[in-house]
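Participant:
Protein chains: 2
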Amino acid sequence: MNTPKMQTPPLPKGTRDFYPESMRIQNFIFDIWRKAALRFGYEEYEGPMFEHLELYTGKSGEEIVSQLYDFKDKGDRHIALRPEMTPTLARLVIQKGNSLKKPFKWFSIPRLFRYERAQKGRLREFFQLNLDIIGTESIYAEADLLSAIAYMLMDFGLKTEDFSIGVSSRKLLNAYLAEIGVSEVSKVYPVLDRRLKIEKEDFYSELAATGLSLEQTKKLDQFMDSKSIEEVEAKISSDESKAALDEIKQLFKTLQASGAGKSITLDLSIVRGLAYYTGIVFEVFDKGKSMRAIAGGGRYDSLCEKLGGDKVPGVGFGMGDVVLANLLEERGLLPSSKQSLDFFVASFTNDMDKIFEVAGKFRKLGYSVNHPLSPTKLGKQMEQANAQGAKVVVYVDGEKAPAGGFEYKVLSTGTLGAGTLEEIAQLKV
Amino acid sequence: MNTPKMQTPPLPKGTRDFYPESMRIQNFIFDIWRKAALRFGYEEYEGPMFEHLELYTGKSGEEIVSQLYDFKDKGDRHIALRPEMTPTLARLVIQKGNSLKKPFKWFSIPRLFRYERAQKGRLREFFQLNLDIIGTESIYAEADLLSAIAYMLMDFGLKTEDFSIGVSSRKLLNAYLAEIGVSEVSKVYPVLDRRLKIEKEDFYSELAATGLSLEQTKKLDQFMDSKSIEEVEAKISSDESKAALDEIKQLFKTLQASGAGKSITLDLSIVRGLAYYTGIVFEVFDKGKSMRAIAGGGRYDSLCEKLGGDKVPGVGFGMGDVVLANLLEERGLLPSSKQSLDFFVASFTNDMDKIFEVAGKFRKLGYSVNHPLSPTKLGKQMEQANAQGAKVVVYVDGEKAPAGGFEYKVLSTGTLGAGTLEEIAQLKV
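Top line first, the protein sequences correspond to chains A and B.
Take 237 as the starting number for the first sequence in this note's numbering and just add one per residue.
Take 237 as the starting number for the second sequence in this note's numbering and just add one per residue.
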């Protein structure tokens, strides 16, 4: 009697399989990310896929646990799959203390996990490019990061008019809140963060509930609507506000010089939910904001201190793979997802050992090569060569081949020829 | 009153941090793996970091759970961090059924997790290159995989005498067991697998406990000690045994032709613990076997069927990063782990905007560039340039620069010069 057949378990909810077609797209994105980061002098790092839970609750509070894949391991440690990379980065910085020469520029392409409702542009498992500059309070660090964002989006083929990097400043917002007499900001920020997602009435009534007067709320609402540096300048008066705005001015000036200026806009409606931002915050959107944010980040000068280390200034951003891929697809900027090969080695007589010998010779020269894996009719071999995107088919036993050489066929043109291994290797097709 | 400072949680046990120095080494290994796999015509794929637990228990039985990072997610699904990639591969194959053109050659570099005692060459979180060929029973699939192993180890700079690929066959062992009258093999295999790890007396007594006679055990012991094809040939008589040996003969012949023959040896002591192997099995060791296996694999023609799909033949191997890195380090084959940059852009007058402008120009040409991130004394700038492995320092405001050009210094030689951006970009240093 047969035992009933097992039901194959499905792909876990909110995660993805990467068959070769989608993997090539993923690698295309990762390659451009990595090359851009290296071109900007960032060094790559990585960490474990999970951390002790306290690393996340220490930064974001207990509420975050509901969004984590957390569990007790067999040694009764409470661990969590990483939902973001910054706490790991902070741990790395704290661990090495002063032996790390600062400032430094690092990047990583972590795989991250959040237990939340899966929806368009938002999965439970995703990848994110992270760039961070640690150890300097200089606004030129922000300029470096924002230049890198603009350059890498252009590397993908996007034009400056395809995306917009909105810049705001927690420092400026704090200073302005002080100016208009709002001192208890911790309750105010979550409302400001939701400002564009809720109705105007709700925004007003929620702020009233935190103790703001109608006039304060009106001023704040108008302030966050400011569209230019001049407009802000006309609204502020304190030295703190002016200093924070000067920083933004310098940032915009440097970004003009770096060639990234066209994509930058002032957008004081940006708050960023995470409580640990202390200065400039920014978000990158497709023009028209038809999708979720492509990237977001900001300055977090207190994070290391919060996690048990010394105070170390830092600034960084994350750019997810899902929204970016959607945008690139929409703009027709994704490459072909088909396999490609330099050579397919075939045989009229199914001389398998000869096939392996010749394939080895081409591979030793660095070329990508495939061949049949069992005796196969020639028609079928040609089918395989085409399906695998081979440029040239090399026949190991063609009668017209020169001594030590081979007949070949260029698949794109159908051209037949014969030559030595070296001649065939040099074929420009 | 200050709240007591948080204690930074440590790196989770059995996992690793990759600071940039170790990340460069890791990328060196991954790059060679990936290039070799692509050169052999394998296509990359990936899957989720965790699967439903049944995918692993379905393949390996309930005992495996003790070695897994398994947990219930917030939707009460019992999931496990993947301990190996093959079950995910099988799921991918089963899901697509006949729409996947077979045979096909795939590779992946999964991050894997096993909850076990951390020790030298064995961690709880590690990476593994996997190559698999799905959809053919042909022995040329094994030849392709073993050639790829030999070639990629040589790509790392290892010589054929540095490693040895031991080949055995479950089919041959099964046929020989039948020849000597052993029919109940499922209890015998675990003992055969431990043969070289336990005392000879224990091997004999454990086999006796499974019902083998002393003579059967002696024959088996001698058979597994066979050092050559000729030696095996003299010991076998059944058609099944001969057919299985013929397969090995063909494999060795093809590997000679492919240029990978020198590393291949017959080693019938190899059994491989996993119950699902059905044909050729193999393990790769450093010569002298001073370390754990560098790689191991074999044929698994029943796996998809076991996991709820149709019967689909498959063969593959895994090569971990930890043992390989240890071996390469021991042989002095790891590259420098230092950062390197094409250009460092400096300024005598701390003209930060000009620095960003010039850095942008070199980056647009594809070069890697760094520069100070705040106004910095020239001596300190030169220190940074050296520490970051820059080849050339470009001064944005040197007085001897031609119109639109720059002064520069080649750091390896100390040579000073001046030229246009294009001339400097062309410098061969």
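For every residue, glycine included, the Cβ atom is placed at its ideal position computed from N, Cα and C.
#1: For the alpha helix (DSSP H) containing residue 366/B, name the first residue and the last one.
#2: State yes or no: is the beta carbon of residue 322/A nearer than 7 Å to at least one beta carbon in chain B?
#3: Run down chain A in chain order and give the residues with a C-beta less than 7 Å from the C-beta of residue 330/B.
#4: My guess is that residue 319/B and residue 336/B are in contact by the Cβ rule of under 8 Å, so how many angstroms apart are they, rounded?
#5: Residue 381/B and residue 521/B: beta carbons closer than 7 Å?
#6: Start and end of the alpha helix (DSSP H) containing residue 490/A?
#7: Check each residue of the stretch 343-360 of chain A: if its Cβ is closer than 7 Å to any Cβ of chain B, include it; give the result in chain order.
#8: Report whether the distance from the Cβ of residue 400/A to the nearest heavy atom of the ligand SAM is below 6 Å.
#9: Buried or exposed: residue 468/B, going by 16 or more other Cβ atoms within 10 Å of its Cβ?
#10: Counting contacts by CB-CB distance shorter than 7 Å, is residue 376/A in contact with chain B?
#11: When you compare each of 648/B, 486/B, 366/B, 525/B to residue 211/B by their alpha carbons, which one comes out closest?
#12: Listed in chain order, which residues of the stretch 483-515 of chain B have Cβ atoms closer than 9 Å to some Cβ of chain A?
#13: For residue 276/A, which residues in chain B fall below 9 Å Cβ to Cβ?
#14: Please go through the same chain and pick out, in chain order, the residues whose beta-carbon is closer than 7 Å to the beta-carbon of residue 316/B, but skip the five residues on each side of it.
#15: Smallest Cα separation from residue 611/A: which of 592/A, 364/A, 565/A, 249/A?
#16: Within 7 Å (strictly less), CB to CB, does residue 248/B reach chain A?
#17: I want to verify the contact list: residues of chain B whose CB lies under 8 Å from the CB of residue 263/A, in sequence order.
#18: Comparing alpha-carbon positions, which option in 562/B, 418/B, 544/B lies nearest residue 359/B?
#19: Less than 7 Å between the C-beta atoms of residue 584/A and residue 630/A, yes or no?
#20: Given that residue 337/A touches chain B, what residues does it touch there, using C-beta distances under 8 Å?
#21: Are there three or more Cβ pairs, one per stretch, closer than 8 Å when the stretch 245-263 of chain B is compared with the stretch 359-376 of chain B?
#22: Among 634/B, 644/B, 628/B, 372/B, which has the Cα closest to the Cα of residue 515/B?
#23: Compute the distance between the beta-carbons of residue 325/B and residue 377/A, then report whether it is under 7 Å.
#24: Indicate whether residue 328/A and residue 253/B have their beta-carbon atoms separated by less than 7 Å.
#25: Tell me which residue opens and which closes the beta strand (DSSP E) that residue 643/B is part of.
#26: DSSP has residue 279/B in a bridge; who is on the other side?
#27: Pick from 370/A, 351/A, 434/A, 604/A: whose alpha carbon is nearest that of residue 279/A?
#28: Between the Cα of residue 555/B and the Cα atoms of 401/B, 352/B, 479/B, 334/B, which residue gives the shortest distance?
#29: Taking only beta-carbon atoms, is residue 610/A less than 7 Å away from chain B?
#30: According to DSSP, residue 347/B sits in a beta bridge with which residue or residues?
#31: For residue 565/A, which residues of its own chain have a beta-carbon under 7 Å away from its beta-carbon, when the five flanking residues on both sides are left out?
#32: Suppose you measure from the CA of residue 283/A to the CA of residue 257/B; what does that come to, to the nearest Å?
#33: Name the two residues that bound the continuous alpha helix (DSSP H) containing residue 597/B.
#34: Looking at C-beta atoms only, is the number of pairs between the stretch 617-631 of chain B and the stretch 646-663 of chain B that lie closer than 8 Å three or more?
#35: Looking at C-alpha atoms only, which residue of 490/B, 575/B, 595/B, 545/B is the closest neighbour of residue 222/B?
#36: Hey, is the stretch 423-440 of chain B in contact with the stretch 532-542 of chain B, meaning 3+ C-beta pairs nearer than 8 Å?
Facilitator: Straight from the coordinates:
#1: Taken as a continuous stretch (DSSP letters only), residue 366/B belongs to no alpha helix (DSSP H), being part of the beta strand (DSSP E) at 361-370.
#2: Residue 322/A is outside the set of residues whose beta carbon lies under 7 Å from a beta carbon in chain B.
#3: 244
#4: Wrong, their Cβ atoms sit about 24 Å apart, outside the cutoff.
#5: no
#6: 475-494
#7: So the close ones are 347, 351.
#8: The ligand SAM is absent from the structure shown, which contains no ligand whatsoever.
#9: Burial call: buried.
#10: yes
#11: Absent from the structure is residue 211/B, since the part of chain B shown begins at 237 and ends at 665.
#12: 486, 489, 490, 491, 492, 493, 494, 495, 496
#13: 595, 599, 604, 605, 606
#14: 286, 287, 289, 292, 304, 305, 306
#15: Looking at the Cα atoms, 592/A is the closest of the given residues.
#16: yes
#17: Neighbours of residue 263/A on chain B, chain order: 280.
#18: 562/B
#19: no
#20: Chain B residues near residue 337/A: 623.
#21: yes
#22: Checked all of 634/B, 644/B, 628/B, 372/B; the closest Cα to residue 515/B is 372/B.
#23: no
#24: The answer is yes: Cβ separation under 7 Å.
#25: 641-646
#26: 342/B
#27: 370/A
#28: Considering only alpha carbons, the answer is 401/B.
#29: yes
#30: Its beta-bridge partners are 363/B.
#31: none
#32: 13 Å
#33: 588-600
#34: yes
#35: Missing from the structure shown is residue 222/B; chain B here goes from 237 to 665 and no further.
#36: no
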